[in-house]
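Enquirer: Here it is: the structure, laid out below.
In this note's numbering, the protein residues as written are -3 to 339.
The structure is reproduced here in structure tokens:
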């Protein structure tokens, strides 16, 4: 299917988010003008200032509620491609619908807006997650790839409702949203094609608007909690999951629109990590910081062998993503957070 042409205008929804802000920067660096949707003028002006010196032009459109019917009707007009990245990511929802409604309605909503007001775009990529891939009935170690789907979190939420775990509520929201995306593509048979990028935990430096540690996005907040001594030595080795550098994830969204052969799902993952990795890096960088547990670098191979593994090979091969080493990612994130918030 056709990829976007040089200089194409790209709509990035949720542009003020952690991953999306990096994606906006990556599109601009590649010479693609970007229209980013944000929830307020303040967030839009922050991004406009941040990206003022980039190779291509940034503009913003205010979309206060992505779940509203027609929320993206105006924003899609005149664009050549879409990166739909707006979706809630947290584990604190009481009712599942707090996550389900914006995740699903936002995804279907942008597709309906395209059908109504701009059906001739080249391609749309959406940010999904390995949350839509994992099957928690299968215990680690286990190898997952793009053929796998989460078949456990939706039934758990249907059975338990608000009593379901926060993790299952989030995972179900991403699964429902991605399934709705592919069903819409199948049912409507648009002239444009669709791609999903499915990252695990996304780590790395922040460039989006964050005024305090309390407002950090979920993944970076997890790292910062280790950095500020909120975890104890007895919590190690603390198996964490899989990870990807935010800059690699952002570039994957650019390549997903650029590469003609890009289609289907792309797990964008650089393999397993653990809280132990956090501590090893933090102690090396900041040996005088108090209360950081003492990690053990010799544990890494064992922890990796016992973990789930989400295969990012297709993303590397087809999209040409060269994954950032874990130490580089953690160092850049730690230095960014220390400069911004301390300690």
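By construction, the Cβ of each residue, glycine as well, lies at the ideal position given by its N, Cα and C atoms. Quick caveat: nothing in here was measured; it's all calculated off a predicted structure.
Just to confirm, is the Cβ distance from residue 319 to residue 272 under 8 Å?
Expert: Taking 8 Å as the Cβ cut-off, residue 319 and residue 272 do not qualify as a contacting pair.
Enquirer: Mind checking residue 249: buried by the 16 CB within 10 Å criterion, or exposed?
Expert: The residue in question, residue 249, is buried, as its Cβ has 16 or more Cβ neighbours within 10 Å.
Enquirer: Could you pull out every residue in the same chain whose Cβ sits closer than 7 Å to the Cβ of residue 69, ignoring the five residues on either side in sequence?
Expert: 109, 112, 113, listed in sequence order.
Enquirer: Below 8 Å CB to CB, which residues in the same chain sit around residue 237 once its five sequence neighbours on both sides are set aside?
Expert: Cβ within range, chain order: 196, 197, 268, 269, 303, 304.
Enquirer: Would you call residue 147 buried or exposed, if buried means 16 or more other Cβ atoms sit within 10 Å of its Cβ?
Expert: So residue 147 ends up on the exposed side.
Enquirer: Does the stretch 162 to 169 come within contact of the stretch 201 to 209, defined as at least 3 CB pairs closer than 8 Å?
Expert: Taking 8 Å as the limit for Cβ pairs, the verdict is that the stretch 201 to 209 does not touch the stretch 162 to 169.
Enquirer: Could you tell me which uninterrupted alpha helix (DSSP H) segments, each at least 4 residues in length, are contained entirely in the stretch 13 to 100, listed from first to last along the chain?
Expert: Counting only runs of 4 or more, we get 14 to 25, 37 to 46.
Enquirer: With residue 304 as the anchor, note down where its beta strand (DSSP E) starts and where it stops.
Expert: From DSSP, the beta strand (DSSP E) with residue 304 extends over 304 to 306.
Enquirer: Give the C-beta separation of residue 98 and residue 62 to the nearest angstrom, bearing in mind that I take them to be a contact with Cβ-Cβ under 8 Å.
Expert: Confirmed, Cβ separation roughly 6 Å.
Enquirer: Kindly list the residues whose CB is nearer than 7 Å to the CB of residue 170, restricted to its own chain and excluding five residues on each side of it in sequence; keep chain order.
Expert: So the qualifying residues of the chain are 99, 124, 125, 127, 128.
Enquirer: Classify residue 239 as helix, strand or coil using the three-state DSSP reduction.
Expert: Strand.
Enquirer: Any chance the stretch 18 to 27 sits against the stretch 43 to 57, with 3 or more Cβ pairs inside 8 Å?
Expert: Contact between the stretch 18 to 27 and the stretch 43 to 57 is present, because at least three Cβ pairs lie under 8 Å.
Enquirer: Identify which residue in 107, 145, 255 has its Cα closest to the Cα of residue 185.
Expert: Nearest option by C-alpha distance: 107.
Enquirer: Extract the residue ranges of the alpha helix (DSSP H) inside the stretch 271 to 336, only unbroken runs of 4 or more that lie entirely within it.
Expert: Segments of the alpha helix (DSSP H) lying fully in the stretch 271 to 336: 271 to 281, 296 to 301, 309 to 315.
Enquirer: Within the same chain, show all residues whose beta-carbon is closer than 6 Å to that of residue 294, passing over the 5 residues directly before and after it, in chain order.
Expert: Within the same chain, residue 294 has no close Cβ partners at all.
Enquirer: Mind checking residue 301: buried by the 16 CB within 10 Å criterion, or exposed?
Expert: Its Cβ having fewer than 16 others within 10 Å, residue 301 is exposed.
Enquirer: For residue 340, count neighbouring C-beta atoms within 10 Å of its own C-beta (all shown protein chains included) and say buried if the count is 16 or more, exposed if not.
Expert: No answer is possible for residue 340: it lies beyond the span of the chain, which begins at -3 and ends at 339.
Enquirer: Taking DSSP's pairing of strands, which residues face residue 194 in a bridge?
Expert: Note: residue 194 sits in a beta bridge opposite 263.
Enquirer: Contact check, residue 104 vs residue 252 under 8 Å by CB: the rounded distance?
Expert: Their Cβ separation, rounded to whole angstroms, is 20 Å, which puts residue 104 and residue 252 out of contact at 8 Å.
Enquirer: Using only alpha-carbon positions, find the residue among 78, 316, 86 that is nearest to residue 20.
Expert: Nearest of 78, 316, 86 to residue 20, Cα basis: 78.
Enquirer: I'd like the span of the beta strand (DSSP E) that includes residue 167, first residue to last.
Expert: No beta strand (DSSP E) contains residue 167, which is instead part of the alpha helix (DSSP H) from 162 to 184.
Enquirer: Could you tell me which residues DSSP puts in a beta bridge with residue 7?
Expert: Looking at the DSSP assignment, residue 7 forms a beta bridge with 31, 78.
Enquirer: Let me make sure I understand the geometry here. Which of 308, 213, 257, 231 has the alpha-carbon closest to that of residue 329?
Expert: Among 308, 213, 257, 231, the Cα nearest to that of residue 329 belongs to 213.
Enquirer: So what's residue 133 in DSSP terms, helix, strand or just coil?
Expert: Looking at residue 133 - three-state DSSP - the assignment turns out to be coil, as it is neither helix nor strand.
Enquirer: Do residue 254 and residue 44 have their beta-carbon atoms positioned less than 8 Å apart in this structure?
Expert: Their beta carbons are not under 8 Å apart, which means residue 44 does not touch residue 254 by this criterion.
Enquirer: Report the three-state DSSP secondary structure of residue 209 (helix, strand or coil).
Expert: Of the three classes helix, strand and coil, the one that applies to residue 209 here is helix, per DSSP.
Enquirer: Check this for me: beta carbons of residue 117 and residue 75, under 8 Å apart or not?
Expert: The answer is yes: Cβ separation under 8 Å.
Enquirer: Would you tell me roughly how many angstroms separate the C-alpha atoms of residue 285 and residue 279, rounded to the nearest one?
Expert: Approximately 8 Å between the Cα atoms of the pair.
Enquirer: Measuring CA to CA, which of 200, 230, 292 is closest to residue 218?
Expert: When only C-alpha atoms are compared, the closest one is 200.
Enquirer: Does the beta-carbon distance from residue 222 to residue 262 come in below 8 Å?
Expert: No, these two residues do not count as a Cβ contact at 8 Å.
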